[in-house]
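First the structure, in the form of structure tokens, and then the observations on it.
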Amino acid sequence: MDLKFTAAEEAFRADVLKFLRTSLPDEIAQKVHTGRRLTRDDMAQWHGILNAQGWLANHWPKEYGGPGWTAVQKFIFENECAIAGAPRVVPFGVNMLGPVLIKYGSEAQKRHWLPRILDGSDWWCQGYSEPGAGSDLASVRTTAARAMENGEEYYRVNGQKTWTTLAHYANMIFCLVRTSQDARKQEGISFLLIDMNTPGVEVRPIITLDGEHEVNEVFFTDVRVPVANLVGEENKGWTYAKYLLTYERTNIAGVGFSVAALGRLKEAASRLQSNGRALTDDPLFAARLARVEIDLENMKTTNLRVLAAVAGGGAPGAESSMLKIRGTEIRQEISSLMRRAMGPYAQQFIEEDSDDEASTAAAQYFNNRKLSIFGGSNEIQKNIIAKMMLGL
Amino acid sequence: MNFQHTEDRRMLADSLNRFIAEQYAFDARDGIARSAQGYSRDMWLRFCELGIIGAFFDEAAGGFGGDGFDVSVVFEALGRGLVVEPFLDALIVGRALALAGNDTQRGIIAKMIDGSTLAAFAHDEPGSHYERARVGTRATRRGDGWVLNGAKGVVQQGEHADVLLVSARTSGGDHDEAGISLFVVPRDAGGVDVRGYRKIDGGRAAEVSLDDVALEADALVGIEGDGYAVLTHVIGYGLVALASEAVGAMDVAKEHTLEYLRTRKQFGVPIGAFQALQHRMADVLVDIEQARSAAINAAATVGESGVARERALSAAKYSIGRIGARVAEESIQMHGGIGMTWELPLAHYAKRLVMIDHQLGDEDHHLARYIELGRAPVA
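Here the protein sequences line up with chains Y and F, keeping their order. First residue of the first sequence: 1, per my numbering; consecutive thereafter. First residue of the second sequence: 393, per my numbering; consecutive thereafter.
Here it is as structure tokens:
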């Protein structure tokens with residue numbers, strides 16, 4: 001029993017910290033720390049910096065351009081990035097589609113798409129959720145029907161996707177589409193790559209309750225998609241979709257984000273006053289702060305235990321559901337306390353970009369409600385635990 | 393990073409778990425726990441033959457362990473078995489004697505390891521309510537020796553202990569950390585009066601009154617007035633023990649509750665098919681894993697000293713207190729009416745889990761302590 005990282009892992013951490021010190025632009029880190037909006041260019045810039053370092057696709061096997069890190073190294077990297085205020089890498093291409101193509105894609109697809117993910121030629125978004133298919137993802141109704149024209153076979157896609165994060169920046173979308181109505185609903189789904197610039201694709205913004213434009217609706221009307229853009233076999237898309245959802249979720253607890261957010265919260269709470277004393281000296285506030293801090297300390301060890309189990313050959317199955325539930329609850333509680341710490345000034349709603357913590361606290365709190373909804377809602381995660389870990 | 397126990401510790405845990413499964417099954421345990429004695433001397437000696445208590449001490453003190461994880465594997469197994477024999481007191485008293493005792497006192501450790509001497513930790517007092525420095529019992533010098541006057545509360549197995557480790561004030565006010573001294577007091581010394589009672593979670597405890605108890609000079613453990621540091625050191629090990637015991641008990645409570653959810657039918661289906669219960673159970677599972685992590689954090693730092701150690705210990709006891717009660721309440725709820733009955737083993741795990749919160753400081757006490765320690769200037 002030893003909770004410490006090895007000397008080699010600590011040396012790796014030092015390398016990561018050095019890289020972050022020299023390569024993470026201050027302006028971007030400041031934005032992340034103060035909860036300000038990141039531009040498309042900010043995200044693309046960080047993507048490029050990581051790629052130049054060879055650390056972007058850190059989940060990919062070496063032969064496809066991954067750095068060959070262990071699960072522990074990935075964990076250290078992701079955490080230090082979060083603590084340093086690095087933007088979250090837009091995950092759809094690198095973390096989601098990449099591994100699916102590597103496992104299920106054809107040689108031609110790998111050769112074509114993987115380098116374009118790395119160098120940023122394509123900005124991918126994820127076409128999973130639909131108005132009638134959220135947590136019940138297998139209920140997708142967007143159809144892809146095979147058709148012929150001038151001797152060329154293609155799919156004609158019709159339907160609607162929703163909650164499509166950053167679709168307004170994307171030029172490509174990977175979609176779950178229904179290619180068969182006959183079978184069990186999981187068995188008629190295919191995994192299709194669609195060029196957003198094809199006629200018939202329309203992106204409409206969804207403005208979230210904090211006034212942000214992060215997510216979108218994407219409509220498909222008679223969209224022509226080459227059959228070469230089918231990944232794997234027709235009607236086997238559900239297998240690929242599930243693989244994508246369980247791939248590398250050992251960092252799903254977002255411990256690094258929570259550590260960074262808790263640091264900011266404690267700093268604010270020791271500076272802000274109530275009843276003539278710092279909030280950290282207010283017994284009720286201090287108790288809530290201490291509770292979430294202890295929860296986070298416990299979660300760090302829980303996360304490392306899952307990581308150690310994975311490194312030892314175990315699969316991070318339902319354990320990642322455990323990390324997701326408690327990790328997101330911790331993040332939500334921290335942002336709830338940040339909102340409370342701002343007192344009456346949390347009421348401000350400043351729509352233009354602002355670095356005033358009081359004016360962003362409530363918006364971030366509301367934005368963070370998504371954490372327990374997306375990526376499989378926490379209720380779905382409990383269903384998974386009940387089935388996989390508890391055998392109920 | 394490695395979360396596997398060493399081979400030696402796994403073997404120790406295996407043999408203890410096997411012994412408990414074979415010799416200390418629920419009916420046997422229930423008989424012992426509700427007996428007039430409140431524990432079994434015979435069983436105690438057989439546990440000691442396994443070498444369990446030797447795991448609490450390093451080789452210099454006559455044991456073969458002494459690390460936080462040695463303590464935790466033993467207590468996790470004891471928690472699984474709901475063992476009522478006074479291991480916690482052996483750990484706390486023995487560690488105090490190992491740390492600060494004179495040669496005679498250190499000699500007691502060997503007799504504790506072989507089971508011939510039963511020791512009890514007599515620190516809490518009526519009204520002290522977990523406040524560690526609150527010691528109203530007084531020790532005054534008389535000739536070469538000492539005279540003790542005062543009262544100690546909820547001393548585990550106080551009626552049957554051969555020796556008591558008593559905290560008494562040699563200077564200062566009732567709440568001062570400075571001025572607390574520790575004494576080894578034979579239970580049969582003149583002026584020691586013990587009034588025992590049953591405990592809700594099995595076994596017995598006692599109120600001990602000290603009325604002009606005369607002791608030799610060498611009854612003092614360590615340096616006069618410096619007992620608080622010793623208490624902090626040894627109570628730390630006690631907290632690791634209780635946290636680990638709780639994890640063991642939680643695991644069994646979870647197993648029993650899961651078994652019930654799979655087999656008990658209502659409306660024609662196992663009740664585990666109902667999502668309302670599945671989600672409650674999933675929450676319990678996540679909580680237990682967080683509690684296990686807290687116990688690991690505590691065991692990993694108990695061998696150090698300073699604020700980080702104390703914070704990890706309080707974080708663990710807070711977590712265990714909160715989660716232990718939750719596991720107990722949820723387990724009873726998911727069992728329904730049968731969960732309310734004495735005949736169901738689960739009910740006794742639930743009682744033990746809740747009562748662990750009442751030993752060495754509860755959830756609120758340790759949360760407050762954690763906060764206070766966070767304010768302390770970094771040493």
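No residue lacks a Cβ here, since even glycine has one placed at the ideal position from N, Cα and C. Computed from a prediction, not measured in an experiment: that's the story for all the values here.
query: Is it the case that the Cβ atoms of E402/Y and N251/Y are separated by a distance below 8 Å?
result: Since the first and last residues shown for chain Y are 1 and 392, residue 402/Y lies out of range.
Interface partners of A707/F on chain Y, CB under 7 Å: Mapped onto the second sequence, residue 707/F falls at position 315. Near A707/F (Cβ distances below 7 Å), the residues of chain Y are I294, E297.
message: Excluding the 5 residues flanking A771/F on each side, which residues of the same chain have their C-beta closer than 8 Å to its C-beta?
response: Along the second sequence, read from residue 1 onward, the residue named residue 771/F stands at position 379. Only weak support is given to the placement of A771/F: the predicted model assigns it a pLDDT of 44, under 50, and the value that follows is read from those uncertain coordinates. So the qualifying residues of the chain are G698, V699.
message: At 4 residues or longer, what runs of the alpha helix (DSSP H) sit wholly inside the segment 732-771 of chain F?
response: 737-748, 755-767
field: T398/F in three-state terms, based on DSSP
entry: As a first step, residue 398/F is located in the second sequence; it is residue number 6 there, counting from the start. It is coil, neither helix nor strand.
task: With 8 Å as the C-beta to C-beta threshold (strictly closer), list the residues of the segment 148-167 of chain Y near chain F in chain order.
output: none
query: Looking at C-beta atoms only, is the number of pairs between the segment 53-63 of chain Y and the segment 89-105 of chain Y that lie closer than 8 Å three or more?
result: yes
query: Residues of chain Y with CB under 7 Å from V678/F, in chain order?
result: Stepping through the second sequence from its first residue, residue 678/F is reached at position 286. Correct list: M322, I325, R326.
query: Among all the DSSP beta bridges, which residues are the ones paired with T143/Y?
result: Counted from its first residue, the first sequence places residue 143/Y at position 143. Bridge partners of T143/Y: N158/Y, R178/Y.
field: Backbone CA spacing between K387/Y and R761/F [nearest angstrom]
entry: Locating residue 387/Y in the first sequence gives position 387, counting from the first residue. Locating residue 761/F in the second sequence gives position 369, counting from the first residue. Answer to the nearest angstrom: the Cα atoms are 39 Å apart.
query: How is the alpha helix (DSSP H) around E233/Y delimited, first residue to last?
result: Translated into the one-based positions of the first sequence, residue 233/Y becomes position 233. Note, E233/Y: premise wrong, no alpha helix (DSSP H); not H, not E.
query: Quick one, are the C-beta atoms of L540/F and S559/F less than 8 Å apart?
result: The residue given as residue 540/F occupies position 148 in the second sequence. The residue given as residue 559/F occupies position 167 in the second sequence. Contact flag unset, no.
message: Let me check understanding here. Comparing Cα to Cα, which of A361/Y, V72/Y, G105/Y lies closest to A7/Y?
response: Taking the first residue of the first sequence as 1, we reach residue 7/Y at position 7. Per the Cα distances, V72/Y.
Short Cβ contact (8 Å threshold) for F12/Y with I83/Y: Here residue 12/Y is taken as the residue at index 12 of the first sequence, counted from 1. Here residue 83/Y is taken as the residue at index 83 of the first sequence, counted from 1. In this structure, I83/Y does not lie closer than 8 Å to F12/Y by Cβ.
- prompt: From the DSSP output, which residues share a beta bridge with P199/Y?
  reply: One-based indexing of the first sequence puts residue 199/Y at position 199. The partner list for P199/Y (beta bridge, DSSP) is empty, contrary to what the question assumes.
- prompt: Comparing the C-beta of H648/F with each C-beta of chain Y, is any distance below 8 Å?
  reply: By 1-based counting over the second sequence, the position of residue 648/F is 256. Answer no: the Cβ-Cβ gap between H648/F and chain Y never drops below 8 Å.
task: Could you run through the segment 424-453 of chain F and flag, in chain order, every residue whose CB is less than 9 Å away from some CB of chain Y?
output: none
- prompt: What is the DSSP secondary structure of W124/Y, counted as helix, strand or coil?
  reply: For this step, residue 124/Y is matched to residue 124 along the first sequence. Three-state DSSP puts W124/Y in a strand.
- prompt: Nearest chain Y C-beta to Q658/F closer than 8 Å, yes or no?
  reply: Residue numbering aside, residue 658/F sits at position 266 when the second sequence is read from its first letter. So, not an interface residue.
Close Cβ partners of Q381/Y (< 6 Å) along its chain, the five nearest in sequence each way excluded: For the purposes of this step, residue 381/Y is taken as residue 381 along the first sequence, with counting starting at 1. If we look at Q381/Y and ignore the five residues flanking it on each side, its Cβ neighbours are S321, K324, I325.
message: If you measure between the beta carbons of N158/Y and T179/Y, is that distance less than 8 Å?
response: The residue you call residue 158/Y lines up with position 158 of the first sequence. The residue you call residue 179/Y lines up with position 179 of the first sequence. Cβ atoms of N158/Y and T179/Y: not closer than 8 Å.
message: With a threshold of 8 Å between beta carbons, is A386/Y in contact with chain F?
response: Position 386 of the first sequence, counted from the start, is the residue given in the question as residue 386/Y. So yes, A386/Y belongs to the interface.
message: Taking 8 Å as the threshold (beta carbon to beta carbon), is D2/Y in contact with chain F?
response: On the first sequence, residue 2/Y is found 2 positions in, with the first residue counted as 1. True, the Cβ-Cβ gap to chain F drops below 8 Å.
Chain F contact for T246/Y (CB, 8 Å cutoff): On the first sequence, position 246 is the one that residue 246/Y refers to. Not an interface residue.
- prompt: Considering only C-alpha positions, which residue in the set Q670/F, H515/F, R561/F is nearest to G753/F?
  reply: For the purposes of this step, residue 753/F is taken as the residue at position 361 of the second sequence. It is H515/F.
- request: Taking only the alpha-carbon atoms, compute the straight-line gap between D580/F and G528/F and give it to the nearest angstrom.
  value: Here residue 580/F refers to the residue found at position 188 of the second sequence. Here residue 528/F refers to the residue found at position 136 of the second sequence. Approximately 22 Å, taken between the alpha carbons.
message: Would you say R654/F lies against chain Y (beta-carbon separation less than 8 Å)?
response: Residue 654/F sits at position 262 when you count from the first residue of the second sequence. Answer yes: the Cβ-Cβ gap between R654/F and chain Y drops below 8 Å somewhere.
- prompt: Could you give the C-beta distance for L590/F and E599/F, rounded to a whole number, given that I count them as a contact under 8 Å?
  reply: Indexing the second sequence from 1 puts residue 590/F at position 198. Indexing the second sequence from 1 puts residue 599/F at position 207. It should be pointed out that residue 590/F corresponds to Arg in this sequence rather than to Leu. With 8 Å as the limit, R590/F and E599/F do not qualify as a contact, their Cβ atoms being about 13 Å apart.
H567/F in three-state terms, based on DSSP: By 1-based counting over the second sequence, the position of residue 567/F is 175. Note: H567/F maps to coil in three-state DSSP.
query: Ends of the alpha helix (DSSP H) at Y790/F?
result: Residue 790/F lies beyond the residue range present for chain F, which begins at 393 and ends at 771; the question has no answer from this structure.
task: List the residues of chain Y that L408/F touches, going by C-beta distances under 7 Å, in chain order.
output: Numbered from 1 along the second sequence, position 16 holds the residue referred to as residue 408/F. The premise fails here: L408/F is roughly 17 Å from chain Y at the closest Cβ pair, so nothing lies under 7 Å.
message: Judging by CA-CA distance, which residue of R744/F, D585/F, I505/F is the nearest neighbour of G542/F?
response: As a first step, residue 542/F is located in the second sequence; it is residue number 150 there, counting from the start. Per the Cα distances, D585/F.
- prompt: In the structure shown, what three-state DSSP assignment does W436/F receive?
  reply: Start at 1 with the first residue of the second sequence, and residue 436/F comes out as number 44. Three-state DSSP puts W436/F in a helix.
task: Starting from the beta carbon of I212/Y, find every residue of chain F whose beta carbon is closer than 7 Å, and list them in chain order.
output: Within the first sequence, residue 212/Y is the residue found at index 212, counting from 1. Ile is not the amino acid found at residue 212/Y; the sequence shown has Glu there. Here the premise fails: no neighbours, minimum Cβ distance about 30 Å.
query: Within 8 Å (strictly less), CB to CB, does L634/F reach chain Y?
result: Within the second sequence, numbered from 1, the residue matching residue 634/F stands at position 242. No, because no Cβ of chain Y sits closer than 8 Å to the Cβ of L634/F.
CB contact check: E399/F to chain Y, cutoff 8 Å: Taking the first residue of the second sequence as position 1, residue 399/F is located at position 7. Cβ-Cβ to chain Y under 8 Å: no for E399/F.
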